[in-house]
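This report refers to the structure that appears directly beneath it.
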Amino acid sequence: MPELPEVETSRRGIAPHIEGKTFKAVVIRQPRLRWPVPDSLMTTLPGLKLDSVERRGKYLLLKTRQGTLILHLGMSGNLRITTPEQAPGKHDHVDFIFDDNTLLRLNDQRKFGAVLWSSDPVDRHPLLATLGPEPLSDAFNGDYLLQRAGKRSLPVKSLLMDSHIVVGVGNIYASESLFMAGILPTRPAGEISLREYLRLAEAVKTVLRMAIDKGGTTLRDFTDAQGKPGYFQQALRVYGRVDQPCLTCAEPVQQIKIGQRASYFCSVCQR
DNA sequence: AGAGGTACCTGGCAGC
DNA sequence: TGCTGCCAGGTACCTC
16 MPELPEVETS RRGIAPHIEG KTFKAVVIRQ PRLRWPVPDS LMTTLPGLKL
66 DSVERRGKYL LLKTRQGTLI LHLGMSGNLR ITTPEQAPGK HDHVDFIFDD
116 NTLLRLNDQR KFGAVLWSSD PVDRHPLLAT LGPEPLSDAF NGDYLLQRAG
166 KRSLPVKSLL MDSHIVVGVG NIYASESLFM AGILPTRPAG EISLREYLRL
216 AEAVKTVLRM AIDKGGTTLR DFTDAQGKPG YFQQALRVYG RVDQPCLTCA
266 EPVQQIKIGQ RASYFCSVCQ R
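Numbering (our numbering), first residue to last: 16 to 286.
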């Protein structure tokens with residue numbers, strides 16, 4: 016799925032088309048996503064003005080004065096700006112139609128995504144309240160990582176992918192950031208030095224910023240709001256490159272499983 | 001508290 | 001061709 020750069024690409028793609036417009040109708044073709052899509056959206060949303068499209072971690076927040084529509088793209092979700100004349104495809108589960116007939120369409124083959132409504136302040140929603148800091152904020156830095164790692168024994172890659180530690184870093188960018196920082200993904204989080212965590216925090220920021228600049232990574236089906244793929248996959252240094260030469264030292268890139276997820280690294284460049 | 005595994009779902013691919 | 005098993009960008013929830 017969409018990790019932070021892909022969600023941010025979606026946000027930037029949809030925002031200019033829908034901000035300031037008023038919801039006219041909601042069509043729910045498939046309510047069985049990660050959690051049931053609430054029926055009440057069909058009566059609650061029409062007539063509400065969308066003030067802004069924001070992002071918290073991998074959640075998109077469509078804010079109105081009366082509450083916030085929370086969208087999550089799961090592993091395979093996509094948002095598309097289109098029109099009601101465009102017939103829905105197989106996995107087009109929910110449509111949001113605005114007063115000028117602009118249509119925001121959620122497609123999600125694997126149905127791990129979510130569409131929820133929060134009438135309370137959205138940062139207090141149970142899914143958002145316990146999230147870690149944004150990786151591109153000053154709150155995320157080497158000192159913070161060292162403090163959160165404590166004496167924990169879990170692999171540093173798993174720490175980085177825990178949204179309660181830091182949001183937005185998924186399986187691709189965890190491998191890429193650890194490569195850039197020169198740290199083995201298997202190292203116990205509690206045994207990593209401040210110096211290394213300072214490097215790691217900077218690497219995470221750099222990798223995410225570069226990926227956002229390229230419109231995200233498209234491995235199979237991620238596209239932006241206009242249906243175009245991202246281009247960061249061309250810049251991946253280790254992810255998906257098992258047995259291919261390391262771009263720094265030519266040693267073959269290795270693949271192992273960490274917490275059931277494929278993890279890629281160079282055993283020479285990362286220590 | 002922390003670590004590890006399972007579950008949700010669809011579809012593509014390798015291997016037999 | 002068809003079956004089986006495995007894999008995929010996430011993450012809440014369960015058990016130990």
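Every residue, glycine too, gets a C-beta built ideally from N, C-alpha and C.
Task: Where residue 52 sits in the DSSP three-state scheme - done: coil
TODO: Please list, in chain order, all residues of the same chain as residue 106 whose beta carbon is under 7 Å from its beta carbon, the five residues on each side excluded.
DONE: 122, 123 and 124
Task: Endpoints, the alpha helix (DSSP H) within which residue 71 is located - done: From DSSP, residue 71 is part of no alpha helix (DSSP H) but of the beta strand (DSSP E) over 67 to 71.
Task: C-alpha gap between residue 165 and residue 37, whole angstroms - done: 47 Å
Task: Segment contact, 8 Å Cβ cut-off, at least three pairs: the region 229 to 238 with the region 193 to 212 - done: no
- [ ] Taking the CB atoms as reference points, tell me whether residue 112 and residue 29 lie closer together than 8 Å.
- [x] no
Open item on the list: Taking the alpha carbon of residue 94 as the reference point, which residue from 243, 266, 272 and 281 has its own alpha carbon closest?
Closed with: 243
- [ ] Mark residue 275 as exposed unless 16 or more other C-beta atoms lie within 10 angstroms of its C-beta, in which case mark it buried.
- [x] exposed
Task: Residues bridged to residue 122 [DSSP beta-bridge criterion] - done: 93 and 107
- [ ] May I have the straight-line CA-CA distance separating residue 292 from residue 129, to the nearest angstrom?
- [x] This structure does not reach residue 292, given that the chain is present from 16 up to 286, and the question cannot be answered.
Task: Proximity to residue 118 [Cα-Cα], best of 39, 136, 126 and 47 - done: 39
Open item on the list: Which residue marks the beginning of the alpha helix (DSSP H) containing residue 188, and which one marks its end?
Closed with: 186 to 196
TODO: State the CB to CB distance for the pair residue 200 and residue 282, rounded to an integer number of angstroms; the pair is presumed to be in contact (CB under 8 Å).
DONE: Actually they are not in contact, since the Cβ atoms of residue 200 and residue 282 sit about 11 Å apart, beyond 8 Å.
Open item on the list: Using a Cβ-Cβ cutoff of less than 7 Å, which residues in the same chain neighbour residue 67 once the five nearest sequence positions on both sides are dropped?
Closed with: 34 and 78
- [ ] Between the Cα of residue 44 and those of 109, 259, 21 and 89, spot the shortest distance and give me the residue it belongs to.
- [x] 109
Open item on the list: What ranges does the alpha helix (DSSP H) occupy inside the region 161 to 241, keeping only unbroken runs of at least 4 residues that lie completely in it?
Closed with: 171 to 175, 186 to 196 and 209 to 228
TODO: Give the DSSP bridge partners of residue 87, in chain order.
DONE: 74 and 129
Task: Counterpart residues of residue 270 in DSSP-defined beta bridges - done: 279
Task: Short Cβ contact (8 Å threshold) for residue 63 with residue 17 - done: no
TODO: Within 10 angstroms of the Cβ of residue 50, are there 16 or more other Cβ atoms? Answer buried if so, exposed if not.
DONE: exposed
Open item on the list: Could you tell me the alpha carbon to alpha carbon distance between residue 249 and residue 81, rounded to whole angstroms?
Closed with: 42 Å
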